[in-house]
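Only one structure is covered here, and it is reproduced in the block below.
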Amino acid sequence: MEKYKLHFYGSFQGFFKLYLVKVFLTILTLGLYYPWARVAILKYKYANSEFDGTRFSFTGDPKEIFKGYIVIWALGICYFCSKYVITGNQIIAIVGGIAGLLLVLLYPWMLVSSYRYRLSRTIWRGLSFVYTGLISTMYKILVKWVLIFLVTIGVIIGAFFVISKAQNPSSLDAFSTLSSVIGILSFILIILIYPILYAVFQVSIYKELVSNIRYGNVTFEYKGEALELFKYRFFGFLGSFLTFGLSIFWMYKKEQEFKLDNTLVLQNGERIGKLELYYNYWHFVSFHIANFFIILFSLGFATPWVVVRNVKFYFKYLSINANIDFESIEQYQQDGYAAYGDTFVDALAFDFGVF
Amino acid sequence: MNVFVAKYNDGEHARVFQAKIKANFQHIIIDVYDNEDFIKEIVYWQHSDIQKDEFAEGVLKLNFTKLNGKVASLETDLTFVDELKRVCPDVAYIGGFYTKLFSIPQKIIVVLTVSLIAFFVLAWSTILPIAINTIVSFVPIKKEIEMGDKYFSQITEMSNFKIDTLKSNQLTLFYKELHVKSPYPVKIWFVDNEVVNAFALPGGNIVVFNGLLKKLNKSEQLVALLGHEYGHVAKRHSMQQMIGQMGISALLSLFSGTDTFTSTVLKQVGNIGELAQTREKEAESDEFAFQLMKEEHLNPQGIIDLFDKLNEDKEVKKVSGYMPSFLLTHPKIEERVKVTKLKIKHETYTFQSNVKLDSIFNEIKTIAE
Chain A
11 MEKYKLHFYG SFQGFFKLYL VKVFLTILTL GLYYPWARVA ILKYKYANSE
61 FDGTRFSFTG DPKEIFKGYI VIWALGICYF CSKYVITGNQ IIAIVGGIAG
111 LLLVLLYPWM LVSSYRYRLS RTIWRGLSFV YTGLISTMYK ILVKWVLIFL
161 VTIGVIIGAF FVISKAQNPS SLDAFSTLSS VIGILSFILI ILIYPILYAV
211 FQVSIYKELV SNIRYGNVTF EYKGEALELF KYRFFGFLGS FLTFGLSIFW
261 MYKKEQEFKL DNTLVLQNGE RIGKLELYYN YWHFVSFHIA NFFIILFSLG
311 FATPWVVVRN VKFYFKYLSI NANIDFESIE QYQQDGYAAY GDTFVDALAF
361 DFGVF
Chain B
876 MNVFVAKYND GEHARVFQAK IKANFQHIII DVYDNEDFIK EIVYWQHSDI
926 QKDEFAEGVL KLNFTKLNGK VASLETDLTF VDELKRVCPD VAYIGGFYTK
976 LFSIPQKIIV VLTVSLIAFF VLAWSTILPI AINTIVSFVP IKKEIEMGDK
1026 YFSQITEMSN FKIDTLKSNQ LTLFYKELHV KSPYPVKIWF VDNEVVNAFA
1076 LPGGNIVVFN GLLKKLNKSE QLVALLGHEY GHVAKRHSMQ QMIGQMGISA
1126 LLSLFSGTDT FTSTVLKQVG NIGELAQTRE KEAESDEFAF QLMKEEHLNP
1176 QGIIDLFDKL NEDKEVKKVS GYMPSFLLTH PKIEERVKVT KLKIKHETYT
1226 FQSNVKLDSI FNEIKTIAE
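In order, the protein sequence lines correspond to chains A and B.
Here our numbering = 1-based position in the first sequence + 10.
Here our numbering = 1-based position in the second sequence + 875.
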């Protein structure tokens, strides 16, 4: 089986120059340059990433992102003004509540449209990637898991009240010793069940995303199981008391591996290989501690260096082990997608890990 | 014609072919080789239809949009750039904005970075205060008093301050004896709390904590304290700070969007700039206190004594002892003492004790203990 490697040619110096221009021009133009700066940085990242001897490229146009930012700025100014203009705590709370609710409702749309846009502008060897998933599917997943979560928590709390009332039928209060014990038990149950449900939710979103990424006749499949993810988190947190936090690194490393190692590569629907991430635990720990100190001692100025280090680190240990027939790969047809979703994702500082 | 080795992709399939390329004044000519090392096809790219990927480091990557809309690409050694410059120096795609940016030497970048930071610090410490002062000058005093009162009731509610009305009235009476001409209705509030501190809000509300009051043993020290705090009110410092904070947070979010790098840079620069301004305001208020004592013919030693009392407080001492002065909001107490001592030396005047002030002060002290 062939082992394909990624390579990053970007340098701290080059990256820093882009950031410098970004800071300077963004301020000089009162923020108008920001979309151009963002596209330039994405282009730099893609143009210096190489797979099987060929560089990627990002073909996004700042003008298409610009429209989205006008919407974001308008909303931002409205929100900012509302904080200072509106008096009365209730109205402020209502405005905040509406904003929060909108965010939750828009989340699946943002997620899917961000993937659609980003992948459609990702080019390798003249062909673009495609995201084939539907927004409605993402909404179904979200609604399903919100309901499951609410019902589970509801059942536990309901059971708690039924049991405590059975113990003490004369009173609605639940303050007897036994009911406190039951209360604590149901609290522990919620603490345990919530991360399990959350892991299952995350994995189902991840499965939906990965299985809809397409490059010609090459597709991907995700076979990770949520319980495995939960196991890493459980032992990672539990062990952190004994290992002075070192097990958090272990957990983080395992999560990375879980994400990538479980990704299968398919061509024409047949499994032809998988992604592989392999690195040593101590290498990982020292790498992240070094990053932390670089940011700390440079007061944040060396952030571009850390970005470059991060990409280089993962590319070094990531490989795609598969026998890919490149000759049979042709462009998969797709519709044009607008950039609004991706812009929202950037403005709200969500990172869905596209790059 | 010099020949260069390249990798060629036709934009139709995800496959690369070895190629040999050469350039003339009109075209790049690409000989595409197949697996058996035979020439498969010869492709002509017109210079006017070629775009360079300016962001790729260490390689020359050229793209060519074909008639069917697909994009073919070519990757070759950077030495081909020299060949292009030699054969057809007019081609536009060789030197774009980003190509020029990436070729700027490191030394110039270092100088640019340093001057950029210096520019921000300068802008923050000169242009911003002027802008804020202009805005503040448009706020009517009536409005400022209204805002200050609202702010005061919010703070007392949120921080759960225990205000002693009797002592507050005594303190206000003491202040009135100083005969300060002021458009602000000044009210001094006594808060029963062990914190060794005092602060002023816009519009004339001044809060003094019991912890600080307990430490004072002469009426001149209280004059120095109230003079300093009223200095903040008269010079509209708190108002400037409020407007400044609103403006700065709006500007920061506008400038940096959500990018952590830009906002970190701006915040670092902003913090230092803002601290410098706060220190300036403290010095201004110290000066105000000194002038007040001079007008009332009171012993200016009261200011020095007040600083000594503050210095006794461990927390203040600890903080100002270790930090370099540009990171402190208040100038180091030693520095303030030095400045005031110099002032006393240069602006000599006769002073006497004020019986009325002394008696109110003693009354306050008896209830405060």
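Here a beta-carbon is modelled for each residue, glycine too, at the ideal position from N, C-alpha and C.
Closest Cα partner of residue i within the set the options
i         : options                                      : result
B/Leu1053 : B/Leu1100, B/Tyr1026 and B/Pro1077           : B/Leu1100
A/Lys263  : A/Val81, A/Met120, A/Gln344 and A/Tyr291     : A/Tyr291
A/Val366  : A/Ala300, A/Gly255 and A/Ile215              : Residue coverage of chain A in this structure runs from 11 to 365, which leaves residue 366 of chain A outside it and unanswerable.
A/Gly2    : A/Asn320, A/Val316, A/Lys233 and A/Thr253    : One cannot answer for residue 2 of chain A here, as it falls past the ends of chain A, which runs 11 to 365.
B/Val1214 : B/Leu1046, B/Glu1162 and B/Ile1010           : B/Glu1162
B/Tyr1105 : B/Val1055, B/Phe1084 and B/Gln1120           : B/Val1055
A/Lys150  : A/Trp119, A/Thr132, A/Ile173 and A/Pro45     : A/Trp119
B/Leu1079 : B/Val1070, B/Lys927 and B/Arg1111            : Checking the sequence shown, residue 1079 of chain B turns out to be Gly, not Leu. For the residues B/Val1070, B/Lys927 and B/Arg1111, the minimum Cα distance to B/Gly1079 belongs to B/Arg1111.
A/Asp62   : B/Asp957, B/Pro1175 and B/Ala889             : B/Ala889
B/Pro821  : B/Thr1040, B/His1103 and B/Val1108           : What the structure shows of chain B is the stretch from 876 to 1244, and residue 821 of chain B is not part of that stretch, so it cannot be assessed.
A/Leu113  : A/Ile163, A/Gly249, A/Gln266 and A/Ile82     : A/Ile82
A/Gly279  : A/Thr273, A/Thr253, A/Phe230 and A/Leu256    : A/Phe230
A/Ile173  : A/Ser196, A/Ser329, A/Pro45 and A/Leu157     : A/Ser196
B/Gly933  : B/Gln921, B/Glu916 and B/Val956              : B/Val956
B/Asp1183 : B/Leu1087, B/Asn899, B/Asn1229 and B/Phe1074 : B/Leu1087
Neighbouring residues, chain B, relative to residue i (Cβ below 8 Å)
i        : result
A/Ala332 : Residues of chain B passing the Cβ test: none, with the nearest at roughly 13 Å.
A/Ala109 : Simply none; closest approach about 15 Å.
A/Ala50  : Phe930 and Tyr973
Partners in chain A for residue i, counting only beta-carbon separations shorter than 9 Å
i         : result
B/Ser948  : Thr64, Arg65, Ser67, Ile133, Arg135 and Gly136
B/Lys945  : Gly136, Leu137 and Gln341
B/Glu887  : Gly136, Leu137, Glu340 and Gln341
B/Asp1024 : Within 9 Å Cβ-Cβ: nothing; B/Asp1024 doesn't reach chain A, min ~14 Å.
B/Gln1116 : By Cβ distance, chain A contributes nothing, its closest Cβ being about 15 Å from B/Gln1116, past 9 Å.
B/Lys882  : Gly63 and Thr64
B/Thr988  : Phe26, Leu30 and Phe311
Beta-ladder partner(s) of residue i, from DSSP
i         : result
B/Ala1075 : B/Ile1081
A/Ala84   : Beta-bridge pairing links A/Ala84 to no other residue.
B/Asn938  : B/Gln926 and B/Ser948
A/Gly283  : A/Val275 and A/Ala332
A/Val228  : A/Tyr225 and A/Gln277
B/Ile905  : B/Ile896 and B/Val918
B/Asn884  : B/Ser948
B/Val1066 : B/Ile1038 and B/Phe1084
B/Lys1017 : Paired residue(s): none; B/Lys1017 is not in a bridge.
B/His1172 : DSSP, once it has assigned bridges, lists no residue as partnering B/His1172.
A/Glu340  : B/His888
Residue environment, residue i, which counts as buried when at least 16 other CB atoms sit within 10 Å
i         : result
B/Tyr919  : exposed
B/Leu1046 : buried
A/Phe26   : buried
A/Ala84   : exposed
A/Thr313  : buried
A/Arg128  : buried
A/Ala109  : exposed
A/Gly168  : exposed
B/Tyr1224 : exposed
B/Lys1192 : Unreliable positioning characterises B/Lys1192 in this predicted model, as indicated by a pLDDT of 47, which lies under 50. The coordinate reading is nonetheless provided below. It counts as exposed.
A/Arg126  : buried
B/Gln1115 : buried
B/Pro1199 : Summary for B/Pro1199: the model assigns pLDDT 43, below 50, so the residue's position carries little reliability; its value from the coordinates is reported in the next sentence. So B/Pro1199 counts as exposed.
A/Gln277  : buried
B/His1103 : buried
Closer than 7 Å at the beta carbon, the chain A residues around residue i
i         : result
B/Glu932  : Tyr19, Gly20, Ser21, Gly24 and Asn58
B/Lys927  : Within chain A, no residue comes near B/Lys927; the closest Cβ sits about 10 Å away, beyond 7 Å.
B/Lys1017 : Within chain A, no residue comes near B/Lys1017; the closest Cβ sits about 18 Å away, beyond 7 Å.
C-beta neighbour in chain C for residue i, strict 7 Å
i       : result
A/Lys53 : The structure shown contains no chain C; the protein chains it does contain are A and B.
Cross-chain neighbours of residue i in chain B, by beta carbon under 7 Å
i       : result
A/Val31 : Leu976
A/Phe34 : Leu991
Contacts that residue i makes with chain B (C-beta to C-beta distance below 9 Å)
i        : result
A/Glu74  : Within chain B, no residue comes near A/Glu74; the closest Cβ sits about 17 Å away, beyond 9 Å.
A/Phe336 : His888, Ala889, Arg890 and Val891
heavy atom of the ligand COA below 6 Å from residue i C-beta
i         : result
B/Phe1226 : Absence of the ligand COA is noted for the structure shown, with no ligands found whatsoever.
Chain-ordered neighbours of residue i on chain A, where CB pairs are closer than 8 Å
i        : result
B/Lys936 : Ala57, Arg65 and Ser67
The region 13-26 of chain A: which residues have C-beta closer than 8 Å to a C-beta of chain B, in chain order?
Near chain B, meaning a CB-to-CB distance below 8 Å, the residues of the region 13-26 of chain A are Tyr19, Gly20, Ser21, Gln23, Gly24 and Phe26.
Going along the region 200-231 of chain A in order, which residues come within less than 8 Å of chain B, judged by CB to CB distance?
Those residues of the region 200-231 of chain A that come within reach of chain B (Cβ to Cβ, closer than 8 Å) are Tyr225 and Gly226.
Chain A contacts from the region 890-922 of chain B (Cβ-Cβ distance under 8 Å):
Cβ contacts with chain A come from Arg890 and Val891.
Contacting positions in the region 121-132 of chain A - beta carbon closer than 8 Å to chain B
Residues of the region 121-132 of chain A with a Cβ closer than 8 Å to any Cβ of chain B: none.
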